[in-house]
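Chains as they are written, first to last, in my numbering: chain W, 1 to 499; chain C, 500 to 695.
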């Protein structure tokens with residue numbers, strides 16, 4: 001067989017296309033990143049039984065677990081004399097002798113033990129007994145307060161410059177896309193309460209923080225192409241407009257410390273004639289305001305049966321996504337407690353919410369009886385006796401403005417926020433009524449409202465069973481989401497004014 | 500003399516009335532049997548002593564989203580925990596009849612009632628009480644409120660109530676109403692007011 005030039009060219013082209021496809025597949029793989037004070041590592045996320053799973057050993061090996069023993073269906077591991085036992089098919093594990101809910105069954109594939117991604121919080125917190133911060137949507141988890149924070153400083157000179165100061169050295173990869181610069185942090189435990197920070201500047205318009213698929217990213221948007229320079233200590237990044245035309249869409253590697261891609265040397269202090277604008281700081285001073293939206297139920301928990309074609313869990317997620325968009329349109333950051341059809345216990349919902357310190361918590365529900373929207377404020381129907389408080393195992397820490405924390409009984413975590421919760425419920429009900437939505441205000445001992453430290457309410461869309469399909473109508477969902485978002489914005493203003 | 504065709508018409512009419520009567524009686528018996536069956540499907544409980552009394556029960560009406568006091572009769576023993584149990588069963592009997600203002604699943608019943616220090620009640624229900632309870636904030640809250648309010652009305656001095664299911668603690672009734680905590684009766688009074 002003779003190899004003509006034509007055949008060689010075709011074969012090369014096929015090989016190239018194959019390589020590109022493989023690369024793109026690799027890029028689109030799902031990953032979960034674990035950050036500790038010493039290291040960070042990413043592991044693969046696979047889809048099993050309709051929810052994300054991770055390998056147990058990939059999660060725990062870098063933390064010091066070196067042996068996973070099997071005995072029949074049981075798998076046992078040890079970390080610092082703490083034993084954990086997992087059983088194939090079971091959705092609980094025994095760690096430190098206590099039962100831990102895994103939100104899904106343990107799977108074993110080729111002697112590889114897989115556990116639900118959502119269980120990583122419960123497994124790590126039970127095994128390590130350290131502070132765990134789980135960013136479910138971004139698939140990132142932080143152990144023992146690992147985290148790099150940053151502050152921003154906009155300097156207005158002839159050429160405005162945005163200076164980012166990091167608490168630890170960073171080395172992001174930088175992607176230029178027209179007038180936007182995107183800094184991607186794959187290994188750094190970058191955290192921020194910032195979602196989007198607009199700037200009153202002609203050149204640098206905004207800075208936004210996002211986290212997705214195990215990485216964090218900062219996106220700086222300008223009115224002109226931007227240059228990014230990393231300071232020699234790795235702790236400072238300066239962004240400013242370039243004077244000459246720059247490539248409009250290119251991905252450039254991170255500049256090594258000392259490299260100066262910008263036309264001017266990197267400056268970390270204001271030039272002599274600069275005018276300094278009010279400094280916008282992100283950091284340890286306190287979390288930025290955001291609303292935690294909880295689409296109730298999910299996974300195996302279908303919630304209320306609304307009709308043959310509709311379960312509560314589907315409707316709550318649809319409405320929650322709309323509410324998030326409506327809040328963001330009003331300039332209020334919002335996070336979803338779940339953005340997929342996943343299992344989350346009521347305890348996990350409360351723990352994840354309390355760990356992130358939201359400004360408000362809104363649980364979305366759906367039910368039957370009456371064409372209306374019901375707005376619920378929490379009802380504290382229990383009050384443990386003094387003896388139970390002393391003997392009670394479950395306490396939740398409520399941070400105070402002084403930096404200290406007081407411990408509250410788990411069932412009464414909501415107590416300090418009850419008044420603000422009622423203010424929010426009133427504002428939301430008022431906005432719904434303004435839009436001619438039939439509204440009922442009630443109180444409820446609904447879980448997990450009373451375990452949430454932040455002001456909390458529940459909103460329930462309701463229809464009579466024969467008309468339950470009406471709740472799927474996007475127009476109705478949008479109307480309710482818009483009214484609830486307006487109510488939340490109004491309540492926030494009222495609460496801030498009261499402060 | 501009555502004409503022959505007139506006699507035949509009257510005879511046919513009488514036969515028709517007789518057949519209709521038999522049919523109506525049959526239908527009535529069938530409906531009664533159905534209603535009886537719904538009540539009898541509750542687990543068999545040991546016979547209760549005591550005398551028949553008129554008691555007040557707070558009944559949930561789903562369609563009207565309301566709780567209303569109704570008078571009913573029940574055999575009420577002297578002993579307080581048995582009295583509590585019969586009171587609660589009187590409420591459930593309202594929900595297990597057909598048609599029901601607030602349908603609960605077959606097999607729903609009270610297994611036991613434990614009285615602690617004369618002011619705290621722990622209610623142990625059958626698994627069906629929770630497993631087949633309709634899921635939803637409203638139906639679950641109405642069930643809990645109607646049971647606690649009825650208990651409080653008929654057993655003075657009760658201040659705290661907790662539910663367990665088949666001898667074990669359960670997080671929620673059917674995904675919404677809290678079953679982990681002890682309910683303060685005074686707080687439940689406030690909840691009940693919203694439905695009256």
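Yeah, the Cβ is synthetic: ideal placement off N, Cα and C, and Gly gets one too.
request  = List the residues of chain W that residue 562 of chain C touches, going by C-beta distances under 8 Å, in chain order.
outcome  = 369
query = From residue 463 of chain W to residue 442 of chain W, what distance separates their C-alpha atoms?
reply = 17 Å
request  = Pick out whichever of W/373, W/426 and W/451 has its Cα sitting closest to the Cα of residue 415 of chain W.
outcome  = Measuring from the Cα of residue 415 of chain W, the nearest candidate turns out to be W/451.
request  = State buried or exposed for residue 685 of chain C, treating a residue as buried only when at least 16 other CB atoms are found within 10 Å of its CB.
outcome  = It counts as exposed.
ask   = Between which two residues does the beta strand (DSSP E) carrying residue 448 of chain W extend?
value = From DSSP, residue 448 of chain W is part of no beta strand (DSSP E); its letter is neither H nor E.
ask   = What is the residue span of the beta strand (DSSP E) that residue 694 of chain C lies within?
value = Element bounds for residue 694 of chain C: n/a, residue is neither H nor E.
task = Go ahead and pull the three-state DSSP assignment for residue 466 of chain W.
result = helix
query = What does a CB cutoff of less than 8 Å around residue 352 of chain W pick up in its chain, not counting 5 residues either side in sequence?
reply = 121, 134, 136, 337 and 344
task = Would you kindly work out how many angstroms separate the C-alpha atoms of residue 557 of chain C and residue 641 of chain C, rounded to a whole number?
result = Taking the straight line from one Cα to the other gives about 10 Å.
inquiry  = Against chain W, does residue 601 of chain C count as a neighbour if the rule is that its beta carbon must be under 8 Å from one of theirs?
reply    = Cβ-Cβ to chain W under 8 Å: no for residue 601 of chain C.
ask   = How about residue 674 of chain C: is its C-beta nearer than 8 Å to some C-beta of chain W?
value = yes
ask   = So who's on the other strand from residue 460 of chain W, going by DSSP bridges?
value = Residue 460 of chain W pairs with W/365 and W/374.
request  = Return the chain-ordered list of same chain residues with a C-beta closer than 7 Å to the C-beta of residue 311 of chain W, the five sequence neighbours on each side being excluded.
outcome  = 302, 303 and 305
ask   = Of all the residues that make up the region 673-693 of chain C, which are near chain W by a beta-carbon distance shorter than 8 Å?
value = Taking 8 Å as the Cβ-Cβ cut-off against chain W, the residues of the region 673-693 of chain C that qualify are 674, 675, 676, 677, 679, 680, 681, 682, 683, 686, 687, 689, 690 and 693.
ask   = Mind pulling the beta strand (DSSP E) runs of 3 or more residues that sit fully within the region 283-319 of chain W?
value = 290-295 and 305-307
request  = Would you decide whether residue 315 of chain W is buried or exposed? Buried here means 16 or more other CB atoms lie within 10 Å of its CB.
outcome  = It counts as buried.
request  = Classify residue 75 of chain W as buried or exposed, calling it buried when 16 or more other Cβ atoms lie within 10 Å of its own Cβ.
outcome  = buried
task = For my contact list, residue 53 of chain W and residue 107 of chain W are in at a C-beta cut-off of 8 Å; report their separation, rounded to the angstrom.
result = Yes, residue 53 of chain W and residue 107 of chain W are in contact; Cβ-Cβ is about 6 Å, under 8 Å.
query = residue 421 of chain W by DSSP, collapsed to three states: which one?
reply = Looking at residue 421 of chain W - three-state DSSP - the assignment turns out to be helix.
ask   = Using Cβ-Cβ distances below 9 Å, what residues of the region 454-465 of chain W are close to chain C?
value = 458, 460, 462 and 464
request  = Give the single residue among C/635, C/670 and C/688 whose Cα lies nearest to the Cα of residue 374 of chain W.
outcome  = Of the listed residues, the one whose Cα sits closest to residue 374 of chain W is C/635.
task = Give the straight-line distance between the Cα atoms of residue 428 of chain W and residue 329 of chain W, rounded to the nearest whole angstrom.
result = 17 Å
request  = Return no unless some Cβ of chain C is closer than 8 Å to the Cβ of residue 198 of chain W.
outcome  = So no, residue 198 of chain W is outside the interface.
ask   = For residue 226 of chain W, which of helix, strand or coil comes out of DSSP?
value = If DSSP states are grouped into helix, strand and coil, residue 226 of chain W belongs with the strands.
inquiry  = Tell me the rounded alpha-carbon separation between residue 33 of chain W and residue 104 of chain W.
reply    = 20 Å
ask   = What does residue 411 of chain W reach in chain C if we use C-beta pairs closer than 7 Å?
value = 680
ask   = If you draw a straight line from the alpha carbon of residue 242 of chain W to that of residue 158 of chain W, how long is it in whole angstroms?
value = 12 Å
inquiry  = Would residue 555 of chain C pass as an interface residue toward chain W - the criterion being a Cβ-Cβ separation below 8 Å?
reply    = no
query = What does DSSP give as the partner residues of residue 562 of chain C in its beta bridges?
reply = None; residue 562 of chain C has no bridge partner.
ask   = Considering only residues of the region 129-187 of chain W, which uninterrupted beta strand (DSSP E) runs meet the minimum length of 3 residues and lie entirely inside it, listed in chain order?
value = 132-135, 140-143, 150-156, 161-166, 173-177 and 180-185
query = How about residue 380 of chain W and residue 670 of chain C: are their beta carbons less than 8 Å apart?
reply = no
task = Might you give, ordered along the chain, the residues of its own chain that have their beta carbon closer than 8 Å to the beta carbon of residue 359 of chain W, omitting 5 neighbours on each side?
result = 289, 290, 291, 454, 455 and 492
query = Using the C-alpha atoms, what's the distance from residue 480 of chain W back to residue 437 of chain W?
reply = 8 Å
ask   = Does the beta carbon of residue 376 of chain W sit closer than 8 Å to a beta carbon anywhere in chain C?
value = yes
request  = Kindly indicate if chain W contains any beta-carbon less than 8 Å away from that of residue 634 of chain C.
outcome  = yes
key: Inter-residue Cα distance where the pair is residue 369 of chain W and residue 377 of chain W   = 19 Å
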